[in-house]
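Visitor: Got a structure here, written out as structure tokens. Questions coming.
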Amino acid sequence: MNVVFVFAGLAVVLFVSAFITRRRFGLLGLALAAGSILSGIWSFDAGLVVGTIGVIPPGPLTTSITLGLIVLLPAIVLLFHGYTYKSLLGRIVGALLFTLLALAFLVTPLGFGLPLSGIGANIYAQLVKYKEVIISIGLVIAVIDLFFTKPAAPLLDRKSKR
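Residue numbering for the sequence shown follows the numbering used here, beginning at 60 and increasing consecutively.
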């Protein structure tokens with residue numbers, strides 16, 4: 060059951076952060092993909108580095124937390140910069156999509172450090188089963204969302220309107 064509580068807590072934090080900052084899903088989704096690639100490249104080395112520094116005691120939980128943070132770090136940076144939604148519905152849908160995609164990317168890193176048994180193991184197996192589908196659909200929607208963002212007016216256009 061620990062898996063359920065961890066994923067539920069993460070879902071709430073991710074949804075609230077995306078909803079409050081009003082950032083568009085497209086750029087955040089692609090940032091999650093970049094973080095996932097970095098996490099795959101650095102894999103266990105990052106956990107060993109963090110463990111040897113002494114921030115968190117070395118072990119599987121250290122690797123899990125480190126890889127999860129690497130996945131989320133590019134998106135966290137972009138939560139403070141970028142295009143925003145104007146409508147409440149856009150904010151809700153964008154935050155939901157961001158949360159689903161982030162949890163799909165975090166399934167593997169969190170599986171390293173969480174004890175899996177009983178119902179929690181069954182739920183985790185279902186999440187792993189649908190992970191690729193969620194990521195595929197989420198990234199396609201993220202790219203489509205980028206096409207709907209209106210770029211800021213160029214600096215020359217702003218000066219000429221004054």
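Note that beta-carbon positions come from the ideal geometry of N, C-alpha and C, so glycine has one too.
Exposed or buried, threonine 121, counting other C-beta atoms within 10 Å across all chains shown (16 or more means buried)?
Guide: Numbered from its first residue, the sequence shown carries residue 121 at position 62. With 16 or more Cβ atoms within 10 Å of its Cβ, threonine 121 is classed as buried.
Visitor: Taking 8 Å as the threshold, find out whether the stretch 78-85 comes into contact with the stretch 131-151 through three or more Cβ pairs.
Guide: The answer is yes - the stretch 131-151 touches the stretch 78-85, with three or more Cβ pairs under 8 Å.
Visitor: Sorted by chain position, which residues of the same chain lie with C-beta nearer than 7 Å to proline 119's C-beta, five sequence neighbours on each side aside?
Guide: As a working note, residue 119 is residue 60 in the sequence shown. Excluding sequence neighbours, proline 119 sits near Phe171 and Gly172.
Visitor: If distances are taken between C-alpha atoms only, which option among Asp104, Tyr142, Ser195 and His140 comes closest to isoleucine 124?
Guide: As a working mapping, residue 124 is identified with position 65 in the sequence shown. Ranking Asp104, Tyr142, Ser195 and His140 by Cα distance to isoleucine 124 puts Asp104 first.
Visitor: Within 10 angstroms of the Cβ of glycine 197, are there 16 or more other Cβ atoms? Answer buried if so, exposed if not.
Guide: Position 138 of the sequence shown, counting from 1, holds the residue named residue 197. Flag for glycine 197 reads buried.
Visitor: Is arginine 81 helix, strand or coil when you go by DSSP?
Guide: Taking the sequence shown and counting its residues from 1, the one referred to as residue 81 is at position 22. Arginine 81 falls in the coil class under three-state DSSP.
Visitor: Does the stretch 84-95 touch the stretch 198-205, meaning 3 or more C-beta pairs lie closer than 8 Å?
Guide: At 8 Å Cβ cutoff, the stretches touch.
Visitor: For threonine 121, name the three-state secondary structure that DSSP assigns.
Guide: Residue mapping note: residue 121 aligns to position 62 of the sequence shown, counting from 1. Of the three classes helix, strand and coil, the one that applies to threonine 121 here is helix, per DSSP.
Visitor: Run through the DSSP bridge pairs and tell me what threonine 143 is partnered with.
Guide: Locating residue 143 in the sequence shown gives position 84, where the first residue counts as 1. Beta-bridge pairing links threonine 143 to Arg82.
Visitor: Less than 7 Å between C-beta atoms, sequence neighbours within five positions excluded: which residues of the same chain meet that for isoleucine 129?
Guide: If you number the sequence shown from 1, residue 129 lands on position 70. The residues are Gly94, Leu97, Ser98, Trp101 and Ala105.
Visitor: Just verifying my parser: in three-state terms, what is the DSSP assignment at leucine 173?
Guide: For the purposes of this step, residue 173 is taken as the residue at position 114 of the sequence shown. Note: leucine 173 maps to coil in three-state DSSP.
Visitor: Can you round the beta-carbon distance between alanine 163 and lysine 190 to whole angstroms, since I take them to be within the 8 Å contact cut?
Guide: Within the sequence shown, residue 163 is the residue found at index 104, counting from 1. Within the sequence shown, residue 190 is the residue found at index 131, counting from 1. Confirmed, about 5 Å.
Visitor: Which residues bound the alpha helix (DSSP H) around leucine 205?
Guide: Taking the first residue of the sequence shown as 1, we reach residue 205 at position 146. Taken as a continuous stretch (DSSP letters only), the alpha helix (DSSP H) holding leucine 205 covers 178-206.
Visitor: Hey, would you say valine 187 sits closer than 9 Å to threonine 167, going by beta carbons?
Guide: In the sequence shown, the residue the question calls residue 187 occupies position 128. In the sequence shown, the residue the question calls residue 167 occupies position 108. Yes, these two residues count as a Cβ contact at 9 Å.
Visitor: Would DSSP call leucine 73 helix, strand or coil?
Guide: As a working note, residue 73 is residue 14 in the sequence shown. Helix, per DSSP.
Visitor: Since I believe valine 62 is in contact with isoleucine 182 (beta carbons under 8 Å), could you give me their beta-carbon distance rounded to a whole number of angstroms?
Guide: Start at 1 with the first residue of the sequence shown, and residue 182 comes out as number 123. Start at 1 with the first residue of the sequence shown, and residue 62 comes out as number 3. Right, their Cβ atoms sit about 6 Å apart.
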